[in-house]
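Since the structure comes first, as structure tokens, the remarks are kept for the end.
Numbering (the numbering used here), first residue to last: 166 to 320.
Below is the structure:
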């Protein structure tokens, strides 16, 4: 009997934890945790520390890129002939690609000596946030519909 997913359980857990912490650290880049007194809850003061959450976001983004790179390598070397992507998998993969691209643009903008126009900065920032929110909503909807799989085995 074949597993329902080609990735291991630990990989899935690492991906989910990484994505969840990226969402938290990304939201922490906006001062909402301090503004709404979440950071005043004992143990959550670090959420108001912009520099810590910024570095945390970069480290987690690097981990996410490593996980995605592993999946891409496995897809092109082993899986593409035995698996096919589900419609939900295609949508989420596209959203992840958009998040990665806008994240890279944000990282470039944050480099010393780099300057984007205010309009481009706003478009990149809002697109990044919008894609993350959309990925969360799509993932939740697919989980509720019990259609979580990104791929299924070909028949």
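Where a beta carbon is used, it is the ideal one built from N, C-alpha and C, also for glycine.
Cβ-based neighbour list, residue i, same chain, cut-off 7 Å, excluding 5 preceding and 5 following
i, result
"residue 256", "303"
"residue 166", "Caution applies to residue 166, whose pLDDT of 40 falls short of 50 and renders its modelled position unreliable; the model cannot decide the point."
"residue 313", "307"
Residue i: first and last residue of the uninterrupted alpha helix (DSSP H) it sits in
i, result
"residue 178", "174–193"
"residue 301", "283–309"
Contact belief for residue i with residue j at Cβ below 8 Å, rounded distance in angstroms
i, j, result
"residue 288", "residue 271", "About 11 Å; that fails the 8 Å criterion."
"residue 199", "residue 188", "So it is not a contact: roughly 17 Å between Cβ atoms."
"residue 317", "residue 251", "6 Å"
"residue 268", "residue 231", "No, residue 268 and residue 231 are not in contact; Cβ-Cβ is about 14 Å, not under 8 Å."
"residue 244", "residue 171", "6 Å"
Extent of the continuous beta strand (DSSP E) to which residue i belongs
i, result
"residue 316", "316–318"
"residue 249", "248–250"
Candidates the options, of which the one nearest residue i by Cα
i, options, result
"residue 309", "186, 229, 253, 196", "253"
"residue 263", "235, 295, 246", "295"
"residue 258", "299, 320, 281, 191", "299"
"residue 301", "266, 202, 261, 276", "261"
Own chain partners of residue i with C-beta closer than 6 Å, once the 5 adjacent residues on each side are dropped
i, result
"residue 193", "212, 218"
"residue 334", "Here the chain comprises residues numbered 166 to 320, so residue 334 is not present and cannot be evaluated."
"residue 183", "225, 228, 229"
Would you list, in sequence order, the uninterrupted alpha helix (DSSP H) runs of no fewer than 4 residues that lie entirely inside the region 194–255? 197–200, 215–239
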